[in-house]
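Peer 1:
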Amino acid sequence: MSLLLVGVSLMRSLRDNPRRVAWPSLVISGVLVAMLRATNTWDFPTYAAIVVLVLVLGALSGLRQFDRRVIQALVVSVFVFGVAFQLSFVPYLQRYQLFYNGVDPVKARTALSQYLTIHGLFLFLGISLLAWYMVQARRRVVAAHRRGALVAEPGYYGMLLPLGSLNTYASLPALVAGAGLVVGLSLFLGGFATRGFLVFAVAAAVAACLSHWRRSSRALQAALFGVALFATLIPEFVALQGDVGRMNTVFKFYLQAWVLLSITAAVAVGWLVRRSGRDPLLRQLRPAWVALAAIIVLAAIAYPLLASKGKLALRFADLPPALDGMQYMDFAQYTDNGRDLNLPADAEAIRWMQDNVVGTPVVLEGRAPVYRWGSRFSIYTGLPTILGWDVHQGQQRAGFMGMIQDRIADVERAYSSPNPRDMLAVLRKYQVRYIVVGGLERAYYSAAGLDKLSGMPELRLAYDADGVQIYEVQS
7 MSLLLVGVSL
17 MRSLRDNPRR
27 VAWPSLVISG
37 VLVAMLRATN
47 TWDFPTYAAI
57 VVLVLVLGAL
67 SGLRQFDRRV
77 IQALVVSVFV
87 FGVAFQLSFV
97 PYLQRYQLFY
107 NGVDPVKART
117 ALSQYLTIHG
127 LFLFLGISLL
137 AWYMVQARRR
147 VVAAHRRGAL
157 VAEPGYYGML
167 LPLGSLNTYA
177 SLPALVAGAG
187 LVVGLSLFLG
197 GFATRGFLVF
207 AVAAAVAACL
217 SHWRRSSRAL
227 QAALFGVALF
237 ATLIPEFVAL
247 QGDVGRMNTV
257 FKFYLQAWVL
267 LSITAAVAVG
277 WLVRRSGRDP
287 LLRQLRPAWV
297 ALAAIIVLAA
307 IAYPLLASKG
317 KLALRFADLP
327 PALDGMQYMD
337 FAQYTDNGRD
347 LNLPADAEAI
357 RWMQDNVVGT
367 PVVLEGRAPV
377 YRWGSRFSIY
387 TGLPTILGWD
397 VHQGQQRAGF
407 MGMIQDRIAD
417 VERAYSSPNP
427 RDMLAVLRKY
437 QVRYIVVGGL
447 ERAYYSAAGL
457 DKLSGMPELR
467 LAYDADGVQI
477 YEVQS
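Numbered by my numbering, the letters in the sequence shown go through residues 7 to 481 in order.
Take a look at the structure:
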């Protein structure tokens with residue numbers, strides 16, 4: 007959101023003087039995009055593209071006239087943005103390791119009904135605004151036709167007549183929209199309904215952007231709408247290598263689309279409501295539009311209203327409102343591998359570590375299958391452990407699968423082997439300071455392997471309460 011605000015400022019600056027290089031905004035944009043690459047890499051290409059798109063839109067008037075100074079300013083601006091992006095996070099980029107650097111074609115497809123269920127409200131509002139732009143363009147074309155004048159820029163009314171002889175006033179926006187209609191319809195009839203719909207919608211957004219290049223606010227709104235739709239089109243064709251099917255590719259791009267579509271939809275509501283009282287056609291359509299919008303809004307809020315009840319029913323216990331993310335553990339009863347893991351006892355032991363452990367020593371704790379109670383001490387104390395969730399470790403460190411498997415084996419050996427030497431070898435290898443023995447460890451490891459800890463002179467029992475022991479490795 008911060009980057010979008012900077013982008014708006016950048017576009018306003020370029021609109022006032024497209025020959026100017028907006029150094030502060032460009033540097034800030036570069037730093038923000040670099041932050042996105044470090045914190046959520048999926049956002050990086052989308053928002054980098056938005057910055058470049060803003061620069062192009064801001065300079066479009068000069069580009070259409072082949073103004074050399076505008077072209078030079080645009081090239082310098084893109085260069086400054088790229089340099090700021092690269093230099094602001096040099097230490098991170100030098101040490102960053104990327105294991106998945108390609109895409110694979112996907113066989114799965116999103117049904118159009120599913121797509122509209124997710125994005126229907128935002129699409130309705132955004133498309134309503136584009137439709138109104140089309141009506142305005144049509145009026146300009148009709149007026150020009152009556153005057154017998156050719157119109158070079160009336161817009162994408164031509165989308166309705168992409169190849170017909172009646173499209174006398176075809177312009178670049180009209181050709182883009184018409185091509186999108188032809189390709190989209192072909193995909194739709196070929197069994198790729200969602201792809202066809204999105205191709206046409208993206209083309210219409212591009213046409214709207216080109217058609218309203220003189221009005222930066224409209225052009226930017228159409229551009230953001232098109233970028234959002236294009237982001238949701240990507241998972242229909244490819245997924246990142248190593249993805250689980252296309253799960254991460256879908257939800258990462260869909261989250262970006264939701265942010266961009268929500269901005270477009272909010273502006274569309276304000277713009278249409280404000281103009282509905284001025285234009286006769288909008289006044290005539292307003293009752294039907296409001297009724298349809300109300301139905302779609304009710305359908306959109308049905309999920310949070312109905313699904314929240316089901317989610318609340320799956321909670322461990324009814325809890326009062328609180329900011330303590332551990333409070334549920336004081337009331338929860340959780341069984342795994344045929345044993346009650348005694349979460350309240352774990353909660354007290356975790357709080358003891360939070361209050362008494364200094365620094366960031368390594369904690370050894372038991373491993374559990376995915377989506378269970380493993381790594382709970384590391385999670386709630388922030389202390390390092392030998393192995394987190396091995397599935398995510400494998401995804402994020404695909405080039406080190408051998409090391410991950412070694413750590414899985416080491417944790418298993420440390421807890422299961424009755425030989426103290428095996429435990430000592432693991433403690434020294436990872437410089438472990440604390441060892442946890444609680445309900446999870448007793449559910450997954452043998453009694454002989456756990457009992458050896460009490461007889462090891464290298465360990466001191468630092469905590470013992472309600473079935474949870476924490477051993478400290480003596481220096």
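Note that the Cβ used here is the ideal one computed from N, Cα and C, for glycine as well.
Do you know whose CA, among Arg439, Val438 and Leu459, lies nearest glutamate 447's CA?
Peer 2: Among Arg439, Val438 and Leu459, the Cα nearest to that of glutamate 447 is on Leu459.
Peer 1: Using the Cα positions of proline 111 and glutamine 401, report the straight-line distance between them to the nearest angstrom.
Peer 2: So the two alpha carbons sit approximately 19 Å from each other.
Peer 1: Output the boundary residues of the beta strand (DSSP E) element that contains aspartate 110.
Peer 2: Aspartate 110 -> beta strand (DSSP E) spans 109 to 111.
Peer 1: Are the beta-carbon atoms belonging to proline 367 and arginine 413 less than 8 Å from one another?
Peer 2: Not in contact: proline 367 and arginine 413 (Cβ atoms no closer than 8 Å).
Peer 1: What's the gap between the Cα of isoleucine 356 and the Cα of glycine 232?
Peer 2: Rounded to the nearest angstrom, the two C-alpha atoms are 48 Å apart.
Peer 1: For the alpha helix (DSSP H) containing leucine 467, name the first residue and the last one.
Peer 2: Note, leucine 467: premise wrong, no alpha helix (DSSP H); beta strand (DSSP E) at 465 to 471.
Peer 1: Output the boundary residues of the beta strand (DSSP E) element that contains glutamate 418.
Peer 2: Glutamate 418 -> not in any beta strand (DSSP E); alpha helix (DSSP H) instead, spanning 407 to 422.
Peer 1: If alanine 214 and alanine 228 are in contact, beta carbons under 8 Å, what's the gap, nearest whole angstrom?
Peer 2: The pair is a contact, with the Cβ atoms about 4 Å apart (cut-off 8 Å).
Peer 1: Could you give the distance in angstroms between the alpha-carbon of leucine 80 and the alpha-carbon of glycine 64?
Peer 2: C-alpha separation (whole angstroms): 9 Å.
Peer 1: Give the single residue among Gln262, Gly184, Leu278 and Val86 whose Cα lies nearest to the Cα of proline 30.
Peer 2: Selected option, being the one with the closest Cα: Val86.
Peer 1: Should valine 57 and alanine 90 be called a contact, given that it needs their Cβ atoms to be closer than 8 Å?
Peer 2: It is not a contact, given that the beta carbons lie outside the stated cut-off.
Peer 1: Helix, strand or coil for glutamate 354 per DSSP?
Peer 2: Reduced to three states, the DSSP call for glutamate 354 is helix.
Peer 1: Out of Lys435, Gly405, Arg403 and Leu278, state which residue places its alpha-carbon closest to the alpha-carbon of alanine 415.
Peer 2: Minimum Cα distance to alanine 415 is reached at Lys435.
Peer 1: Per DSSP, which residues does glutamate 478 bridge with? Please list them.
Peer 2: Tyr440 and Arg466, per the DSSP bridge assignment.
Peer 1: Can you tell me which of the three DSSP states aspartate 73 falls into?
Peer 2: It is coil, neither helix nor strand.
Peer 1: So what's alanine 245 in DSSP terms, helix, strand or just coil?
Peer 2: Here alanine 245 sits in strand by DSSP.
Peer 1: Glycine 202: buried (16+ other C-beta within 10 angstroms of its C-beta) or exposed?
Peer 2: With 16 or more other Cβ atoms within 10 Å, it is buried.
Peer 1: On the DSSP bridge assignment, give the partners of leucine 389 in chain order.
Peer 2: Answer is none; leucine 389 lacks a bridge partner.
Peer 1: For leucine 370, which of helix, strand or coil comes out of DSSP?
Peer 2: Residue state, collapsed to three classes: strand.
Peer 1: Please list, in chain order, all residues of the same chain as phenylalanine 337 whose beta carbon is under 8 Å from its beta carbon, the five residues on each side excluded.
Peer 2: So the list reads Phe322, Ala323, Leu325 and Pro350, once near-sequence residues are dropped.
Peer 1: Give me the DSSP bridge partner(s) of aspartate 5.
Peer 2: With the chain represented from 7 up to 481, any question about residue 5 goes unanswered, as that position is not in the structure.
Peer 1: Which residues mark the beginning and the end of the alpha helix (DSSP H) in which aspartate 457 is found?
Peer 2: Where aspartate 457 is concerned, the enclosing alpha helix (DSSP H) stretches over 453 to 457.
Peer 1: Taking 8 Å as the cut-off, does the segment 387 to 402 touch the segment 424 to 431 (at least 3 CB pairs, one atom from each stretch)?
Peer 2: Counting Cβ pairs under 8 Å, fewer than three are found: no touch.
Peer 1: For threonine 341, which of helix, strand or coil comes out of DSSP?
Peer 2: Here threonine 341 sits in strand by DSSP.
Peer 1: With threonine 238 as the anchor, note down where its alpha helix (DSSP H) starts and where it stops.
Peer 2: Threonine 238 -> alpha helix (DSSP H) spans 222 to 239.
Peer 1: How far does the alpha helix (DSSP H) with tyrosine 518 in it reach, from first residue to last?
Peer 2: Residue 518 lies beyond the range of the chain shown here (7 to 481); nothing can be said about it.
Peer 1: Give me the Cα-Cα distance between leucine 131 and proline 327, rounded to the nearest whole angstrom.
Peer 2: Between leucine 131 and proline 327, the C-alpha separation is close to 35 Å.
Peer 1: Specify the secondary structure class of aspartate 330 as computed by DSSP and reduced to three states.
Peer 2: Reduced to three states, the DSSP call for aspartate 330 is coil.
Peer 1: Hey, out of Gly405, Arg403 and Arg345, whose CA is closest to tryptophan 379's CA?
Peer 2: Looking at the Cα atoms, Arg345 is the closest of the given residues.
Peer 1: So, are the CB atoms of glycine 190 and valine 205 less than 8 Å apart?
Peer 2: It is a contact, given that the beta carbons lie within the stated cut-off.
Peer 1: State the DSSP-derived secondary structure class of leucine 118, mapped to helix, strand or coil.
Peer 2: Residue state, collapsed to three classes: helix.
Peer 1: Reducing DSSP to helix, strand and coil, say where aspartate 361 ends up.
Peer 2: Aspartate 361: helix per DSSP, three-state reduction.
Peer 1: Since alanine 449 and aspartate 342 should fall inside the 8 Å C-beta cutoff, what is the C-beta to C-beta distance between them, to a whole number of angstroms?
Peer 2: About 6 Å; that satisfies the 8 Å criterion.
Peer 1: With a threshold of 16 other CB atoms inside 10 Å of the CB of arginine 373, please say whether the residue is buried or exposed.
Peer 2: Under this definition arginine 373 is a buried residue.
Peer 1: Could you work out which residue in Met335, Ser35, Pro293 and Arg115 is closest to leucine 59 when comparing CA atoms only?
Peer 2: Looking at the Cα atoms, Ser35 is the closest of the given residues.
Peer 1: Figure out for me which residue from Gln247, Phe198 and Thr52 has the closest Cα to the Cα of glycine 108.
Peer 2: It is Gln247.
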